[in-house]
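Residue numbers (the UniProt record's numbering): 1 to 182. We put the beta carbon where it would ideally sit given N, CA and C, even for glycine. Keep in mind that this is a model prediction, so the values were computed, not measured.
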């Protein structure tokens, strides 16, 4: 085998190995403004996810805005994570957890952030990154988000991340489908 082909094959193998390593680390960058890290959620994240779920500013946007009890939340997280078609990522800035992105097996996308990180561009980046990771695992998936019409910030974040308004589901919700990265 000529040296140039050996070098090319070695280079390809190296690039592939580095790509796999980076995907496992899930280190995410947003320009020079901030650095986000993310990891696949585990049972160890359940308490953070519980607190995030029960924040008043997040709850009012859910179909079921009632507070959840820890006794029902912990088993829900375990069931969600056990399903191989579900994905949930926890995002951090400076080693501080700031929010989560999740997709269930139907392709329904949800994102939640701590209050102090809202309105700063983190949400749209989390949506973009999480959608991309999910589609790497399930390229045939059709991702969508059902958002309350009054939740303009969430609609804007999803559209900035490549989602398009598809239809008005009823008087309260709109449907956005993933159209690809912008």
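As assigned by DSSP and simplified to three states, the class of residue i
i	result
residue 25	Low local confidence applies: a pLDDT of 47 at residue 25 is under 50, so the model's placement there is unreliable, with the coordinate-based value given in what follows. Residue state, collapsed to three classes: helix.
residue 20	Residue placement at residue 20 is poorly supported in this model, since its pLDDT is 48, which falls under 50; the coordinates are not used for a value here.
residue 62	coil
residue 32	Model confidence at residue 32 stands at a pLDDT of 42, short of 50, so the residue's coordinates are unreliable; what they give is reported in the following sentence. Reduced to three states, the DSSP call for residue 32 is coil.
residue 71	helix
residue 181	coil
residue 85	coil
Alpha-carbon to alpha-carbon, residue j and residue i
i	j	result
residue 35	residue 121	12 Å
residue 147	residue 163	12 Å
Residue i versus the options, residue with shortest Cα-Cα distance
i	options	result
residue 94	116, 37, 180	37
residue 99	107, 143, 48	48
residue 134	104, 166, 156, 55	104
residue 158	169, 45, 65, 175	175
residue 172	62, 56, 106, 97	62
residue 88	139, 112, 160	112
Which residues DSSP lists as bridging residue i, in chain order
i	result
residue 56	DSSP lists no partner for residue 56.
residue 39	90
residue 96	93
Alpha helix (DSSP H) runs contained entirely in the segment 101-179, provided each spans 4 or more residues: 122-137, 152-160
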